[in-house]
Amino acid sequence: MLSLIAALVVAAPPQEVQFKDALHLAPRTTGGRQPIHTDPVEAQIIAGTLAPSIETGWRTVSANADGRLAGNGYFFAQYTALADTVMVLQAEGNSVVYVNDNIRPGDVYGYGYLRLPVALKTGTNTFLFSSGRGGVKAKLTPPEKPVYLDLSDPTLPDFIVGDRNAVQTAVVLMNATAKRQDGLTLTATVDGAMRKTWLPSIQSLSMRKIAVQVPPPTRTDRNEIECLLRLMSGETILDEKTIKLRLRSETQTHKRTFVSDIDGSVQYYGVNPANPLGTDSTRPGLVLTLHGASVEGLGQAEAYASKSWAHLIAPTNRRPYGFDWEDWGRIDAMEVLEDAAKRYRTDPARSYLTGHSMGGHGAWTVGSHFPGSFAAIAPSAGWATFWSYVGGGRKPMNETDPLQEVLSRAMNPSDTIALMRNLQPLPVYILHGDTDDNVPPTEARLMASELQKFHTRWTLFEKKGAGHWWDDSDEPGAACVDWPAIFDLFASTRITTDQETRHVRFATFNPENSSAMKWATIISQQKQMAISNIDLICDPHLRRISGTTNNVHRLAIRVGHLEAGKPLVIEIDGTKVAVIRWPLGDTLLLEKTSDEWKVADGFPPNEKSPARSSGFKNGFDRRMVFVYGTRGNAEENAWAVNRARFDAEAFYYRGNGAVDVIPDSAFGSSIDVNRSVILYGNADTNSAWRTLLPDSPVGVRRGSVSVGNSAMPGDDIAVLFVRPRPGSTVATVAAVSGSGLRGMRLTERLNYFFAGVHFPDFFVAGPEMLEKGYDGVRAVGYFDNRWDIGSDVAIR
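Each residue of the sequence shown is one higher than the last, beginning at 3 in the working numbering.
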């Protein structure tokens, strides 16, 4: 092998080394944006049989003048070290990399800031890169210090003149040692004032984004503020760095930060503030504008001319590519809407939604999930769904197969078209260039054709001769987003109140993702992740609420907007539920059992609801904490800590995340009961399993997996599942598990952080999945509303 690949030899002390030679294998994967794919190389990785060579079909390649190993597929390179050491790997263009058989995330979009401390052993070290975006450029560099601050990827707000509050910022902390770092502090000093932040534990040979409070400046006669960051271990200074924050007036475009409830990370959004004309005391409106792929939130905000009557607020989707405004990107949009509305005291009846390109898709998906939060929406150059835009058809699975039908249902939240009728109460303006070669105008026409089936207040305007991004106006602001007709529409509409809303039509695939429209809320479903519909009319004169439902198990109806004291008539699905005396509260609870609706006194808090419902990915929320097992053998423990680290680093990369990662030995009462937990390991290897999953109908031990009464022997089975966390009505416990080392490693190939890829409540697969696809899946299903094994299960 060394004769085929140039061995990279590190001198002492180590110096920067570029990867210039490798073996390359063209991609042989199938699957695309789906939960299951096939890949013979991954199958060999899991089996431990991968041996790249000319004889097995690999070919030698060398880097081009730019230092890139060109092509798609796999690149295998070696690095020879003269002694055990730690280096920092910086690679661009790869989705993952295996370093000495340990998986680490890649910089698939070429951001340039993913820097991973890696342990190198004396002798030959192997690197296996996977790339689907044209190749890989990679190098190893010595770490600056054992533990240090990396300023390549800060999250920085702006200081606003006159605001005397500290601001939240975040920088990357690198731990290039084999020791877990505990008890570190970070101080931030501005103009002599200092704030100290106690830092969470940092895994060995890892990095994470850390939050720090920065005190406000005392001098405002400059455009930039310097802040000294000092990383401390007790009284010892480990590192010092200076960051610079802009000083802006309240009328200038600026950045704000907030702390996300997903993981406790610091996120930012761009603000193009309202600049009122005159002395009008009316509260301003809020326009939420969603950026396109590779665009920053601040850049999105700066693409508009300021408005006199509304703040322009641009969330980030957590990254320039992020999650396509789905999954955690959709949550980010709504977190920003809530934070900005409170911070800028906007008129709650005047919130609007727009976006361009990927953000145009975001306007469709966020708007259709949360129609009650906006008065109008206006997608520009937006695409409809993953399947319409990137091809492949609607979830190309065999839905006559019960197993594939369950998996297909998990992907329903990405089916924007199926939720389009939620937009019926909202005016919709669709803007698109008719020569757009990035997002074709057929996407706009598709959505217009769907609206035409039921909507009466929509407009499709195709700008003749315009491409994807265009500006043909002499007014400030880019015309393709700052379109006058859009803002004329926004200025003339507002969100109606419960009292003004007679008719509610609403659909959802999952109440945890979206559940409410005006005075009606879908609490739970009869069939999980299938579409649920309500079509209800409130007649205040007859004091009657009537209509139809589909796939709804529990329903809540607010009645506080009706005159108090008089009886209510409830008629749903053709049956008069009851004549109800005025309820004690302002919400009426209804439950359907045996096809009959009844009034309920309350709903059990531990059952499925909008606070906690179906879907494995929904477990990654509620300030989640990753807990890895330490009670297994050496190989199992090494896998658990590496797998938890990989997920934390991957979520940092894709979602600007900052997740606490701790061993099971550190898990205890100090972890808030309302924080969600992700366990790595199984009942034999992770001691927190017994506490957090005492009655789980899905069990995983060495050598076996059980789903209800079904047992599956073997040490090569991968399992994902999510359960309610005991003692909490909102938090969950998700397990990334396997019945043995091979099964545990198989979970590495389940890309649940990939936007549009979803899994049901539980998923069980064998290693044959990587060669046989869906035929390798052993069991999938959804727990019922009581979180028990019901009939919604498919087992081979």
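We treat Cβ as the ideally placed atom computed from N, Cα and C, and that holds for glycine.
If the criterion is Cβ atoms closer than 8 Å, does the pair residue i and residue j meet it?
| i | j | result |
| --- | --- | --- |
| G294 | T318 | no |
| I432 | L462 | yes |
| P762 | A412 | yes |
| P159 | L292 | no |
| G108 | W330 | no |
| M771 | I239 | no |
| A351 | I497 | yes |
| I559 | W521 | yes |
| L118 | F78 | no |
| N96 | S526 | no |
| C229 | T244 | yes |
| L339 | H313 | no |
| V138 | A67 | no |
| A378 | L290 | no |
| N2 | P218 | The structure shown does not extend to residue 2, since the chain is modelled only from 3 to 798, so the question has no answer here. |
| V663 | Q205 | yes |
| L428 | F372 | no |
| R182 | F648 | no |
| V273 | A796 | no |
| L748 | A767 | yes |
| N414 | M519 | no |
With respect to the alpha helix (DSSP H) encompassing residue i, which residues constitute its N-terminal and C-terminal limits?
| i | result |
| --- | --- |
| L695 | Premise fails: L695 is in no alpha helix (DSSP H) and is neither H nor E. |
| G479 | It is not in any alpha helix (DSSP H) - G479 carries neither H nor E in the DSSP assignment. |
| I47 | P42 to A49 |
| F489 | P486 to A493 |
| L448 | T444 to Q454 |
| P404 | P404 to A412 |
| E340 | W330 to R345 |
| E294 | For the sequence presented, residue 294 should be read as Gly rather than Glu. Note, G294: premise wrong, no alpha helix (DSSP H); not H, not E. |
| G742 | First-last for G742: undefined, no H or E at that position. |
| S64 | S64 -> not in any alpha helix (DSSP H); beta strand (DSSP E) instead, spanning R61 to S64. |
| L772 | M771 to K774 |
Residue i lies in the beta strand (DSSP E); which residues open and close that run?
| i | result |
| --- | --- |
| M196 | A195 to W200 |
| I664 | D662 to P665 |
| F78 | G75 to A83 |
| E464 | W460 to K465 |
| G435 | V430 to G435 |
| N639 | Here N639 belongs to no beta strand (DSSP E); instead the alpha helix (DSSP H) covers A636 to G657. |
| L355 | S353 to H358 |
| W389 | Element bounds for W389: not the beta strand (DSSP E) but the alpha helix (DSSP H), F388 to V392. |
| V721 | A720 to P726 |
Per DSSP, which residues does residue i bridge with? Please list them.
| i | result |
| --- | --- |
| V675 | According to DSSP, V675 bridges with nothing at all. |
| R1 | Shown here, the chain extends from 3 to 798; a query on residue 1 therefore has no answer. |
| K578 | E573 |
| A781 | V766 and I797 |
| V88 | A121 |
| M209 | M176 |
| P715 | S706 |
| W472 | In DSSP, W472 forms no bridge with anything. |
| F260 | Q269 |
Could you give the C-beta distance for residue i and residue j, rounded to a whole number, given that I count them as a contact under 8 Å?
| i | j | result |
| --- | --- | --- |
| E337 | D439 | Wrong, their Cβ atoms sit about 34 Å apart, outside the cutoff. |
| I845 | V601 | Only positions 3 to 798 of the chain appear in the structure, and residue 845 is not among them; the question remains open. |
| V120 | L188 | About 24 Å separates the two Cβ atoms, so there is no contact after all. |
| R210 | L175 | 6 Å |
| S2 | G185 | Since the first residue shown for the chain is 3 and the last is 798, residue 2 is missing from the structure and cannot be characterised. |
| D674 | A690 | No, D674 and A690 are not in contact; Cβ-Cβ is about 14 Å, not under 8 Å. |
| V441 | R35 | 17 Å between Cβ atoms; not a contact. |
| T87 | L116 | In fact, because the Cβ distance is near 20 Å, the residues do not count as touching under 8 Å. |
| Y354 | V483 | Contact doesn't hold; Cβ gap of about 13 Å is too wide. |
| R625 | R677 | 5 Å |
Please confirm whether any heavy atom of the ligand SAM lies closer than 7 Å to the CB of residue i.
| i | result |
| --- | --- |
| I379 | Here there are no bound small molecules, and the ligand SAM is not part of this structure. |
- Query: Okay, do the segment 90-100 and the segment 127-136 touch, 3+ Cβ pairs below 8 Å being the bar?
  - Reply: The segment 90-100, when compared against the segment 127-136, does touch it at the 8 Å Cβ threshold.
- Message: With three or more C-beta pairs closer than 8 Å as the rule, is the segment 401-410 touching the segment 368-382?
- Response: Pairwise C-beta distances place the segment 368-382 out of contact with the segment 401-410, as fewer than three of them are shorter than 8 Å.
- Does the segment 637-648 touch the segment 618-626, meaning 3 or more C-beta pairs lie closer than 8 Å? The segment 618-626 is not in contact with the segment 637-648.
- Task: Would you check if the segment 321-335 and the segment 460-474 touch, i.e. whether three or more CB-CB distances between them fall below 8 Å?
- Result: No: fewer than three Cβ pairs fall under 8 Å.
- Between the segment 711-724 and the segment 739-748, do three or more beta carbon pairs fall short of 8 Å? The segment 711-724 vs the segment 739-748: in contact.
- Are the segment 266-281 and the segment 161-177 in contact at 8 Å, needing three or more beta carbon pairs? In short, these stretches touch, since the Cβ pair count reaches three.
- Taking 8 Å as the threshold, find out whether the segment 378-386 comes into contact with the segment 466-483 through three or more Cβ pairs. As far as the Cβ criterion goes, the segment 378-386 touches the segment 466-483, which means the pair count is three or higher.
- Are there three or more Cβ pairs, one per stretch, closer than 8 Å when the segment 50-58 is compared with the segment 777-790? No, the segment 50-58 is not in contact with the segment 777-790.
- Task: Evaluate contact between the segment 504-514 and the segment 525-544, counting only Cβ atoms and requiring at least three cross-stretch pairs below 8 Å.
- Result: These segments touch.
- Query: Just checking, does the segment 664-683 make contact with the segment 625-633 on the three C-beta pairs under 8 Å criterion?
  - Reply: Between the segment 664-683 and the segment 625-633 there are three or more inter-stretch CB-CB distances shorter than 8 Å, so the stretches are counted as touching.
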